[in-house]
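Visitor: Each residue of the sequence shown is one higher than the last, beginning at 14 in the numbering used here. Each residue gets a CB set at the ideal place from its N, CA and C atoms; glycine is no exception.
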Amino acid sequence: MTSEIHKKQVDREHLLRWITSIVLAPLLIFVIGVASKIWLMLFVVVATVIASWELHRILFQDESSKYHLDPFVFFSLLVPAFAYYYGIRGLLGGMLLNILACFSEGVSIYGKNDKALEKLVFRIFHVIYIPYCLAHIILLDRVWIFFVLVVIFAGDSGAFYAGRKFGKRKLCPAVSPGKTVEGAIGGFLASLILGLAFGIIFIGGKTPFEFVLIAAILNIIGQLGDLGESLIKRSRVVKDSSNILPGHGGLLDRLDSLLFAFPALYYLL
Numbered sequence: 014m015t016s017e018i019h020k021k022q023v024d025r026e027h028l029l030r031w032i033t034s035i036v037l038a039p040l041l042i043f044v045i046g047v048a049s050k051i052w053l054m055l056f057v058v059v060a061t062v063i064a065s066w067e068l069h070r071i072l073f074q075d076e077s078s079k080y081h082l083d084p085f086v087f088f089s090l091l092v093p094a095f096a097y098y099y100g101i102r103g104l105l106g107g108m109l110l111n112i113l114a115c116f117s118e119g120v121s122i123y124g125k126n127d128k129a130l131e132k133l134v135f136r137i138f139h140v141i142y143i144p145y146c147l148a149h150i151i152l153l154d155r156v157w158i159f160f161v162l163v164v165i166f167a168g169d170s171g172a173f174y175a176g177r178k179f180g181k182r183k184l185c186p187a188v189s190p191g192k193t194v195e196g197a198i199g200g201f202l203a204s205l206i207l208g209l210a211f212g213i214i215f216i217g218g219k220t221p222f223e224f225v226l227i228a229a230i231l232n233i234i235g236q237l238g239d240l241g242e243s244l245i246k247r248s249r250v251v252k253d254s255s256n257i258l259p260g261h262g263g264l265l266d267r268l269d270s271l272l273f274a275f276p277a278l279y280y281l282l
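1) DSSP state of residue 61, grouped into three classes?
2) Can you check the segment 93 to 145 for any alpha helix (DSSP H) of at least 4 residues that lies completely inside it and give the ranges in chain order?
3) Compute the Euclidean distance between the alpha carbons of residue 260 and residue 266, then round it to the nearest angstrom.
4) Residue range of the beta strand (DSSP E) that residue 89 falls in?
5) What's the C-alpha gap between residue 129 and residue 119?
6) Note the first and the last residue of the continuous alpha helix (DSSP H) segment covering residue 255.
7) Just to check my reading of the structure: residue 239 and residue 270 have Cβ atoms closer than 8 Å, yes? What is that Cβ distance to the nearest angstrom?
8) Say whether the segment 225 to 244 touches the segment 158 to 167, bearing in mind that this needs 3 or more beta-carbon pairs closer than 8 Å, one atom from each stretch.
9) In the DSSP assignment, find the beta strand (DSSP E) that holds residue 178 and state where it starts and stops.
10) Can you name the start and end residues of the alpha helix (DSSP H) that residue 263 belongs to?
11) Residue 27 to residue 49, Cα distance in whole Å?
12) Check whether the Cβ atoms of residue 46 and residue 182 sit closer than 8 Å, and answer yes or no.
13) Mind checking if residue 182 is an interface residue toward chain C, Cβ cutoff 8 Å exclusive?
14) For the beta strand (DSSP E) that residue 189 lies in, which residues bound it at each end?
15) Have a look at residue 282 and residue 102 and give me their C-alpha separation to the nearest angstrom.
16) Could you say if the segment 96 to 113 and the segment 137 to 150 meet the contact criterion of at least three C-beta pairs nearer than 8 Å?
17) List the endpoints of the continuous alpha helix (DSSP H) containing residue 237.
18) Where does residue 193 land, buried or exposed, given buried means 16+ other C-beta within 10 angstroms?
19) Could you round the C-beta distance between residue 235 and residue 199 to whole angstroms and report it? I think they count as a contact, below 8 Å.
20) What would DSSP say about residue 272, mapped onto helix, strand or coil?
21) For the beta strand (DSSP E) that contains residue 184, what are its first and last residues?
22) For my contact list, residue 208 and residue 224 are in at a C-beta cut-off of 8 Å; report their separation, rounded to the angstrom.
23) In angstroms, rounded to a whole number, what distance separates the CA positions of residue 132 and residue 69?
24) Would residue 175 and residue 184 be called neighbours here (beta carbons separated by less than 8 Å)?
The following block contains the structure:
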């Protein structure tokens with residue numbers, strides 16, 4: 014009886030996830046594929062703010078200020094802006110400025126705040142994990158952004174359905190008990206198939222083997238990114254980063270597989 018109730022709950026959440034995805038898909042397609050690139054940059058900035066807020070809630074949930082974003086989070090928004098105006102040099106320069114600012118603030122409050130070192134580590138981690146990774150979206154051609162989305166979302170969906178149908182062996186039970194080896198393999202194959210199809214139809218200029226290889230690398234990186242965010246949440250006993258996306262949880266829960274995939278593709282190309 015308990016397993017049946019759990020199955021129905023999973024079905025409801027999965028249906029809600031599809032509804033949310035269908036509603037948001039036109040906006041995503043418009044911003045990435047149609048609107049001018051400055052709108053894409055602003056979209057990345059908004060995503061950075063939301064994901065940063067969610068990460069702050071997870072890491073500092075014991076603080077009364079867990080819903081507060083300090084100026085350093087907003088200072089990190091310079092990273093995508095610099096990437097838009099100055100390319101990869103701007104991105105790296107913006108990240109370096111942010112890290113230096115983090116050290117400067119850490120030195121100034123050390124001895125006055127018992128969590129000074131913890132905050133310093135969080136801020137540096139945050140700059141690399143969210144603004145730096147997301148800013149690479151701006152550096153990619155539009156069609157390659159869609160390629161990443163297709164590969165990663167195909168992997169997520171393939172893993173879900175394959176795991177549900179064939180899943181028996183746990184992939185990493187201590188970090189993410191719901192993931193299975195069979196699901197990971199199913200997601201991997203789904204990424205390869207749809208990545209190859211998308212690459213041949215919409216991109217071209219590379220051999221089928223190259224598209225398959227890129228899709229394989231992105232899927233592996235995406236799965237590691239997913240497990241990495243699960244580790245962060247597990248360490249803080251949190252199920253979702255927030256509840257702003259019905260059926261998905263938080264924005265960070267949707268971005269976890271993508272965060273490292275965007276910079277990986279940029280440097281692969």
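Guide: Quick look at the numbers:
1) helix
2) 129 to 140
3) 11 Å
4) From DSSP, residue 89 is part of no beta strand (DSSP E); its letter is neither H nor E.
5) Approximately 6 Å, taken between the alpha carbons.
6) It is not in any alpha helix (DSSP H) - residue 255 carries neither H nor E in the DSSP assignment.
7) 5 Å
8) yes
9) Note, residue 178: premise wrong, no beta strand (DSSP E); alpha helix (DSSP H) at 155 to 179.
10) Run containing residue 263: none; DSSP gives neither H nor E here.
11) 33 Å
12) no
13) Although the question refers to chain C, the structure presented lacks it and comprises just one protein chain.
14) Here the beta strand (DSSP E) through residue 189 covers 189 to 193.
15) 17 Å
16) yes
17) 221 to 248
18) Looking at its Cβ environment, which holds 16 or more other Cβ atoms inside 10 Å, residue 193 is buried.
19) That belief does not hold up - the Cβ atoms of residue 235 and residue 199 are roughly 14 Å apart, past 8 Å.
20) coil
21) 183 to 185
22) Confirmed, about 6 Å.
23) 10 Å
24) Contact flag unset, no.
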